Amino acid sequence: MQADKMIQSDKEVETLQPNTLSPNTPEKLLQRLDAIGESLKASGKAHALLGLGSVGIETERLDRYSDVDFFAIVQTGHKQYFLDSLHWLSDILPIDYAIRNTIDGYKVLYADGIFCEFAVFEPHELAHIPFAEGRIVWQEADFDTQCCIPPQKTAVEANSQDWIIGEALTNLYVGMSRYNRGEKLSGSRFVQSYALDRLIDLVDQTESSQPEFVDEFMSDRRLEARFPKFAQLLPTFTQGYERTAESALAQLEFLNAHFNVNQAMRSRIIDLCN
Numbered sequence: 007m008q009a010d011k012m013i014q015s016d017k018e019v020e021t022l023q024p025n026t027l028s029p030n031t032p033e034k035l036l037q038r039l040d041a042i043g044e045s046l047k048a049s050g051k052a053h054a055l056l057g058l059g060s061v062g063i064e065t066e067r068l069d070r071y072s073d074v075d076f077f078a079i080v081q082t083g084h085k086q087y088f089l090d091s092l093h094w095l096s097d098i099l100p101i102d103y104a105i106r107n108t109i110d111g112y113k114v115l116y117a118d119g120i121f122c123e124f125a126v127f128e129p130h131e132l133a134h135i136p137f138a139e140g141r142i143v144w145q146e147a148d149f150d151t152q153c154c155i156p157p158q159k160t161a162v163e164a165n166s167q168d169w170i171i172g173e174a175l176t177n178l179y180v181g182m183s184r185y186n187r188g189e190k191l192s193g194s195r196f197v198q199s200y201a202l203d204r205l206i207d208l209v210d211q212t213e214s215s216q217p218e219f220v221d222e223f224m225s226d227r228r229l230e231a232r233f234p235k236f237a238q239l240l241p242t243f244t245q246g247y248e249r250t251a252e253s254a255l256a257q258l259e260f261l262n263a264h265f266n267v268n269q270a271m272r273s274r275i276i277d278l279c280n
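Sequential numbering from 7 applies to the sequence shown in our numbering.
Here it is in structure tokens:
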């Protein structure tokens, strides 16, 4: 049976939802992950279940808005079995929605509101997959879980402060040029997304973070908790589609106040904003 056939009809979902939709809790999310582990075990074709993120080694940050992220580690030759049909998930509870978003996995919404994002790998594939440390939720008794330890990362030299400032300034410049041309969407993205990403890089490099889980793949995760003073400025940096110029000026003011900014480029950006 194909994955899309695992999804309930609208009528079935309408019948199910009134009795099942309730706020997610950490206990409920962890219980679902345990149930997925039991389902993998029952298949006889899996080796282990690796919980990631807030259902991995960071369970302290689980809340009602958390997802269930995991890797299913399956026996060699059986990967397609788990990708071609999602019965091993829908047998636990009906699925309202599933989309295969990568060659290795899906995003799935259960009928009770639990959202999962997962990938299926054979053991030998994990050596070539970037992932953060996780938690073994279930494993075959004789399975060597060494493959579930993230591969050693090659040391990557951090971008210099001058490079980051240069990228921020040129993103503001290009963004406002496009905005003034009438390309408001592209301009707003350059200013309120790309340039802002570089400001976040600068804060990461120059300020001490508050104790909080750091997402090594996405620097904007939990930014409000990690850098509360900087976070107070975010509303001025992202003022919306029609206020890209104001957003650019606010970012430029921040850069000029805290870093060595080329004044010729600063003047050009100000001209574009006025």
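C-beta: ideal position from N, C-alpha, C; glycine also.
Since we're looking at a predicted model, the values are computed, not measured.
Tell me the rounded alpha-carbon separation between residue i and residue j.
i: F233; j: N30; result: 28 Å
i: T192; j: G119; result: The residue asked about is misnamed: residue 192 is Ser in this sequence, not Thr. Cα to Cα, S192 sits roughly 34 Å from G119.
i: T26; j: A117; result: With a pLDDT of 48 at T26, under the threshold of 50, the predicted position of this residue should be treated as unreliable, though the coordinate-derived value follows. Going by the C-alpha atoms only, they are around 7 Å apart.
i: G83; j: A133; result: 17 Å
i: V19; j: Q238; result: At V19 the pLDDT is 44, less than 50, meaning the model places this residue with poor confidence and gives no usable figure here.
i: Q198; j: D97; result: 43 Å
i: L36; j: K51; result: 22 Å
i: L229; j: V61; result: 20 Å
i: N268; j: S194; result: 22 Å
i: S253; j: D277; result: 14 Å
i: K113; j: M271; result: 44 Å
i: E173; j: Q211; result: 15 Å
i: Q8; j: K85; result: A caution first: Q8 carries a pLDDT of 48, below 50, which makes its placement in the model unreliable, though a value can still be read off. Each residue's alpha carbon lies about 15 Å from the other.
i: A48; j: A231; result: 41 Å
i: H93; j: Q158; result: 35 Å
i: N186; j: N177; result: 14 Å
i: L240; j: R67; result: 23 Å
What whole-angstrom Cβ distance do residue i and residue j have, given they're in contact under 8 Å?
i: A78; j: L55; result: 6 Å
i: F124; j: F76; result: 5 Å
i: G43; j: G140; result: Actually they do not touch by this definition, with Cβ atoms about 13 Å apart.
i: D102; j: L89; result: Between L89 and D102 the Cβ distance is about 19 Å, and since that is not below 8 Å, they are no contact.
i: V143; j: L39; result: 6 Å
i: E128; j: V80; result: 6 Å
Buried or exposed for residue i, please, with buried defined as at least 16 other CB atoms from any protein chain shown within 10 angstroms of its CB.
i: N107; result: exposed
i: Y179; result: buried
i: T21; result: Bear in mind that a pLDDT of 44 at T21, under 50, signals an unreliable position, so the number given afterwards is only what the model happens to contain. Its Cβ having fewer than 16 others within 10 Å, T21 is exposed.
i: T250; result: buried
i: G188; result: exposed
i: D150; result: exposed
i: S273; result: exposed
i: G246; result: exposed
With which residues is residue i paired in a DSSP beta bridge?
i: D292; result: Outside the displayed span of the chain (7 to 280) sits residue 292, for which this structure offers no information.
i: F77; result: L56, A125
i: K190; result: According to DSSP, K190 bridges with nothing at all.
i: I105; result: K113
Hey, would you say the C-beta of residue i is under 7 Å away from at least one heavy atom of the ligand NAP?
i: I63; result: Here there are no bound small molecules, and the ligand NAP is not part of this structure.
Contiguous beta strand (DSSP E) assignments of at least 3 residues, all confined to the stretch 122 to 162: With a minimum length of 3 residues, the unbroken runs of beta strand (DSSP E) contained wholly in the stretch 122 to 162 fall at 141 to 145.
Whole alpha helix (DSSP H) elements within the stretch 227 to 260, 4-residue minimum: 229 to 232, 234 to 237, 240 to 243
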